[in-house]
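Chains as they are written, first to last, in our numbering: chain H, 1 to 144; chain D, 1001 to 1710.
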């Protein structure tokens, strides 16, 4: 599932779109990928269940939860990835554009100090809980 | 009533007052006793629903869309027009300078019946730049016994004819003229090549007074008896014609051409209009008999906020005509706000009509869902921008400039409206600089000292090529992240959405007026000298760090850092929480599109029935967000089960769930069984496990797992 990165040597952003058994996220998956393409953003979206994310957290850079798996938010937050529950209206309308904005707002806040991964070839945000603090803080208000 | 409806009602209520007040989020918040954040959220939601309009600026202001404009389909019903007669408290909410509305809102009491003052209230700027003109006009009309002859001065397209009509309506409304009194308009240029014919049109002719005059004929002066005679382009009236008006203006007497008998009598309020200097174009003896001279300012002399209102007014009018909501991209808005509009309001209106017609064509050809006016739709002259705004951005209504044309006093910014206007336009400076597009820079510079635009204001551009509004989203994102820093440095974030062929020239022009710190976007701009950061780099690379570095490096900011703009509210990242009924409707609509084997509406209804049954049996509540997700899941699951598709194999300790939560488990199983029965499907038992966790809001799989690993 790798897509050639169109810009520089930044790898694609891998997003887990989580619902129960990957049942209802496929609609949003398509529209989210379409929205990313429209923004020239190299992004791979996988519709998965909670179990898969838990088993292979290293495969994802960010996690979006369907509103019905809201209950798994806390346990998945321990994986230290940027994570949010999708607004139910966005989910119901499979609005990829809105979901993308939400996702972008989750991504790590700017760091003032030179970041350790900045110069690493193909450097990927490290994804430790501390560096993801911003991501957790930004959980969408609407779903609180 | 939901909070959103309360906000909408509040805005609607304002529509029954004179003018059309626009509200800021703070005003709405204090009026309704809700937080500003919530007010802002609801206002934006209403804007997206097409029920309110926005007046850009800081702060953004909102007003209810005219009720004759239907809400977009699928909108859960527009409330009936507010019946409360009270307008907003004038002490707390200064209404905008009057916004001209083409007609009274349907179902509302006619505001015009409130009094003659409201007649002028329809004019954009009646309480702003047109205030002195309005006052003079009122004085001219009311002066006993029949009003005073008036000369309207101003460049082409400022609305002299409209102004004359409004003077007439005011005369009727104030009782100075009887209802149904004549309003006779005549353009002196029409017969300028034939003075004889022109004069006979005006004054009538006796039989045989000139070749072809075969019968006695009344002129327009007689037809206007007891009313208003409006002479447009009065400078085309020949000298003898001007002289013929003397007895009419002095004594109310006149004669038809070729008539020698008794003088005829007519009581006529004469209103003349000209674009020329009256001293050069009219006899001094004629001018002396026209005591009131009213100067109507050109668009360039008027505050930017009035231009914004005019643009919105014309867009709304086109929208009503097409029966659609018209939106404008930020760049197109900036261009409309800033291009040199030689033909003034009249040209602004026709340019907007042309743009809307073009956008409508694209809409008709299936290009998009609503009517969106983008740069590409604007007429060439709008896109080119034009020379710098003569009055300077943010200048108060030109003080003293009015003197050249006549006796009208230019508006004083001491009036509340004037102060607001200044404030409104000053805030828009940096953005306006964008609209200038720099293309007019070759054509003569600004008047020294007339412009308050800081030289080369610092800006960060967010760029996209599509018309999908990525640029605006990027702008919001950047502002949200770097807001305080940007404000401190006085750097504006400006969204630029362009067609590919426009990018090079437009950006090059922008660089002449703006100091562009960086371009953030989805495509690299053809500007090697400007740092470019891709969206991708921001998301997965070190784009933010690079951007911060660019902002921090000396010399990137403006020479004189602009006063820090007041940072707006943080952009609402997610859609404001929608009403559950909206969500259910949306849910059914999307499912109808993708479900083949089950009926979407039935499945949605049965899905919610599952939750209700569970709530009844357990006495616990399920939060609405989860409910929406669960229903969507159940519908998709039913579709999949109907098709006989396999379920993924997910480890789940169902027995333990049942053992630990027997009551909730039973309720879940029963509700699910009912769902299966009604839709005629069989779902795997795993579904009960999922449903229990969702309804209990507990990640039991994780809990059980962590216990085991401990």
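C-beta atoms are modelled at their ideal positions from N, C-alpha and C, and glycine is treated no differently. Since we're looking at a predicted model, the values are computed, not measured.
Review point. Since residue 1309 of chain D is in the alpha helix (DSSP H), which residue starts that stretch and which ends it?
Key: 1304 to 1322
Check your understanding: Thinking just about the alpha-carbon of each residue, which of D:1345, D:1313, D:1356, D:1374 is nearest to the one in residue 1333 of chain D?
Key -> D:1374
Check your understanding: Leaving out the 5 sequence neighbours to the left and right, which residues in its chain are closer than 7 Å to residue 1643 of chain D when beta-carbon positions are compared?
Key -> Short of 7 Å from the beta carbon of residue 1643 of chain D, and not among the five residues preceding or following it, lie these beta carbons of its own chain, in chain order: 1597.
Check your understanding: Can you list, in chain order, the residues of the region 1522 to 1534 of chain D whose Cβ is nearer than 9 Å to any Cβ on chain H?
Key -> The region 1522 to 1534 of chain D vs chain H, Cβ under 9 Å: 1522, 1523, 1524, 1534.
Review point. Is it the case that the Cβ atoms of residue 1715 of chain D and residue 1310 of chain D are separated by a distance below 8 Å?
Key: Here chain D covers residues 1001 to 1710 and nothing more, so residue 1715 of chain D does not appear.
Review point. Checking contacts by CB at 8 Å: is residue 1495 of chain D closer than that to chain H?
Key: With 8 Å as the cut-off, residue 1495 of chain D does not count as an interface residue toward chain H.
Practice item. Compute the distance between the beta-carbons of residue 1606 of chain D and residue 1679 of chain D, then report whether it is under 8 Å. Key: yes
Point to revise | Residues, ordered as in the chain, of the region 67 to 83 of chain H that lie near chain D by beta-carbon distance below 9 Å | key: Listed in sequence order: 67, 68, 69, 70, 71, 72, 73, 74, 75, 76, 78.
Review point. What residue from D:1306, D:1326, D:1666, D:1638 has the CA that sits closest to residue 958 of chain D's CA?
Key: Residue 958 of chain D lies beyond the residue range present for chain D, which begins at 1001 and ends at 1710; the question has no answer from this structure.
Check your understanding: By a C-beta neighbour count over all protein chains shown, 10 Å radius and 16 as the cutoff for buried, is residue 1537 of chain D buried or exposed?
Key -> buried
**Study point:** Test: residue 1657 of chain D CB closer than 8 Å to a CB of chain H
**Key:** no
Check your understanding: Does the beta carbon of residue 1636 of chain D come closer than 8 Å to any beta carbon on chain H?
Key -> yes
Check your understanding: How many angstroms separate the CA atom of residue 1683 of chain D from the CA atom of residue 1602 of chain D?
Key -> 17 Å
Practice item. Given a cut-off of 8 Å, decide if residue 1527 of chain D and residue 1496 of chain D are closer than it, judged by their beta-carbon atoms. Key: no
Check your understanding: Name the DSSP beta bridge partners of residue 1344 of chain D, please?
Key -> Answer is none; residue 1344 of chain D lacks a bridge partner.
Check your understanding: Going along chain H, which residues have a C-beta under 9 Å from residue 1473 of chain D?
Key -> 39, 97, 100, 101, 104
**Study point:** Reduced DSSP category for residue 1160 of chain D - H, G, I as helix; E, B as strand; rest coil
**Key:** helix
Exercise for review: Could you work out which residue in D:1515, D:1278, D:1029 is closest to residue 1155 of chain D when comparing CA atoms only?
Suggested key: D:1278
Review point. In chain H, which residues lie less than 7 Å from residue 1594 of chain D when you measure between Cβ atoms?
Key: 27
Exercise for review: Give the interface partners of residue 1477 of chain D over in chain H, defined as CB-CB distance under 9 Å, in chain order.
Suggested key: 101, 104, 105
Practice item. Would you kindly report the start and end of the unbroken alpha helix (DSSP H) that includes residue 43 of chain H? Key: Taken as a continuous stretch (DSSP letters only), residue 43 of chain H belongs to no alpha helix (DSSP H), being part of the beta strand (DSSP E) at 43 to 48.
Check your understanding: Considering only residues of the same chain and omitting the five flanking positions on each side of residue 969 of chain D, which have a CB-CB separation below 7 Å?
Key -> Here chain D comprises residues numbered 1001 to 1710, so residue 969 of chain D is not present and cannot be evaluated.
Review point. Based on Cα-Cα distance, which residue from D:1314, D:1288, D:1205 lies nearest to residue 1261 of chain D?
Key: D:1205
**Study point:** Buried versus exposed, by CB contacts within 10 Å (16 or more), residue 1699 of chain D
**Key:** buried
Check your understanding: Span of the alpha helix (DSSP H) holding residue 1668 of chain D?
Key -> 1662 to 1679
Review point. Beta-carbon of residue 91 of chain H versus every beta-carbon of chain D: anything under 8 Å?
Key: yes
Review point. Can a CB atom of chain H be found closer than 8 Å to the CB of residue 1712 of chain D?
Key: Outside the shown range of chain D, which is 1001 to 1710, sits residue 1712 of chain D, and nothing can be said about it.
Review point. Is there at least one Cβ from chain D nearer than 8 Å to residue 57 of chain H's Cβ?
Key: no
Check your understanding: Per the contact definition of three or more C-beta pairs closer than 8 Å, is the region 14 to 30 of chain H in contact with the region 60 to 79 of chain H?
Key -> yes
Check your understanding: Quick one: what does DSSP say residue 1622 of chain D is sitting in, helix, strand or coil?
Key -> Residue 1622 of chain D: coil per DSSP, three-state reduction.
Review point. Can you tell me the Cα-Cα spacing of residue 1521 of chain D and residue 1062 of chain D, whole angstroms?
Key: The alpha-carbon atoms of residue 1521 of chain D and residue 1062 of chain D are separated by roughly 29 Å.
Point to revise | Interface flag, residue 1333 of chain D vs chain H, CB-CB below 8 Å | key: no
Point to revise | Separation of residue 63 of chain H from residue 80 of chain H, as counted between CA atoms | key: 10 Å
Practice item. From the DSSP output, read off the bridge partner residues of residue 1204 of chain D. Key: Answer is D:1218.
Point to revise | Contacting residues, own chain, Cβ-Cβ under 6 Å from residue 1297 of chain D (five flanking each side not counted) | key: 1129
Review point. Residue 1276 of chain D CB to nearest chain H CB: under 8 Å?
Key: By the rule that beta-carbons nearer than 8 Å mark a contact, residue 1276 of chain D does not touch chain H.
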